[in-house]
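Below is one structure, written out as structure tokens; the observations come after it.
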Amino acid sequence: AQSVTQPDIHITVSEGASLELRCNYSYGATPYLFWYVQSPGQGLQLLLKYFSGDTLVQGIKGFEAEFKRSQSSFNLRKPSVHWSDAAEYFCAVGARGGSQGNLIFGKGTKLSVKP
Amino acid sequence: KAGVTQTPRYLIKTRGQQVTLSCSPISGHRSVSWYQQTPGQGLQFLFEYFSETQRNKGNFPGRFSGRQFSNSRSEMNVSTLELGDSALYLCASSAVAGDYNEQFFGPGTRLTVL
Chain A
1 AQSVTQPDIH ITVSEGASLE LRCNYSYGAT PYLFWYVQSP GQGLQLLLKY
51 FSGDTLVQGI KGFEAEFKRS QSSFNLRKPS VHWSDAAEYF CAVGARGGSQ
101 GNLIFGKGTK LSVKP
Chain B
116 KAGVTQTPRY LIKTRGQQVT LSCSPISGHR SVSWYQQTPG QGLQFLFEYF
166 SETQRNKGNF PGRFSGRQFS NSRSEMNVST LELGDSALYL CASSAVAGDY
216 NEQFFGPGTR LTVL
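Structure below.
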């Protein structure tokens, strides 16, 4: 069955420190991969997506993610975290040729930023 | 361009009642998807509509239904509410269906069932 695992429920980093949020997926083939961010009381905002090509994907707000097929991972990184990055982050996978409605989301990682 | 709007933002209902939530997509977008977000189950896909037709449906009971109007606005209805239906209901719109494009999410409707 298709699934997405975000092993870290909650992460706290200091402002200015680097960040890596983990995402592992289980899928029959190479899926489409997404990272979304959700601030309190807000909907989801797309940070970046991987469809094909270069496995290092650049997104908005200084985020990047790397697709590693051998590890079935799509980890999100940021070199220097800002206090405004505190939010919940969701990894999602979807079927190629499928409907964009059929996204499978991980349970999310809540990021706290220490001053 | 205005974003995805959802009304109402907050709702409180009692068990057994029914509720209707509304979603207005970004102008020009014809695909609308609905998701349920709960602390226990996370984000789960409910259904997707495109050009007034349901294209996909998630694994939810028949109490959950939806529709889309000719202006692409969508509504979802939950009948015979249960306590477990308390959740944040998110709507997302995109320009086309059938392939992955960027979905734009609304702020959600927070439903509380007492």
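So the sequences go chain by chain: A and B.
Going by our numbering, the first residue of the first sequence is number 1, and it counts up by one from there.
Going by our numbering, the first residue of the second sequence is number 116, and it counts up by one from there.
Built from N, CA and C at the ideal position, the CB exists for glycine as well.
Predicted model only: the values in this text are computed from it and were never measured.
About 11 Å separates the beta carbons of residue 144 (chain B) and residue 189 (chain B), which is beyond the 8 Å limit, so they are not a contact pair. The shortest C-alpha to C-alpha distance from residue 29 (chain A) to any of A:17, A:13, A:40, A:72 is the one to A:72. Within 7 Å of the CB of residue 105 (chain A), the CB atoms of chain B belong to 157, 158, in sequence order along the chain.
For the segment 24-47 of chain A, residues whose beta-carbon sits nearer than 9 Å to a beta-carbon of chain B comprise 32, 34, 36, 38, 41, 42, 43, 44, 45, 46. Taking a Cβ-Cβ cut-off of 7 Å, the neighbours of residue 108 (chain A) in chain B comprise 157, given in sequence order.
Contact between residue 38 (chain A) and residue 90 (chain A) holds, with the beta-carbon distance rounding to 7 Å and staying under 8 Å. By the criterion of at least three beta-carbon pairs nearer than 8 Å, the segment 69-83 of chain A is not in contact with the segment 117-132 of chain B. For residue 210 (chain B), there is no enclosing beta strand (DSSP E), as DSSP marks it with neither H nor E. Around the beta carbon of residue 163 (chain B), 16 or more other beta carbons sit within 10 angstroms, so the residue counts as buried.
Residues 2, 4, 93 of the same chain have their beta carbon placed closer than 6 Å to that of residue 104 (chain A), with the five preceding and five following residues left out of the count.
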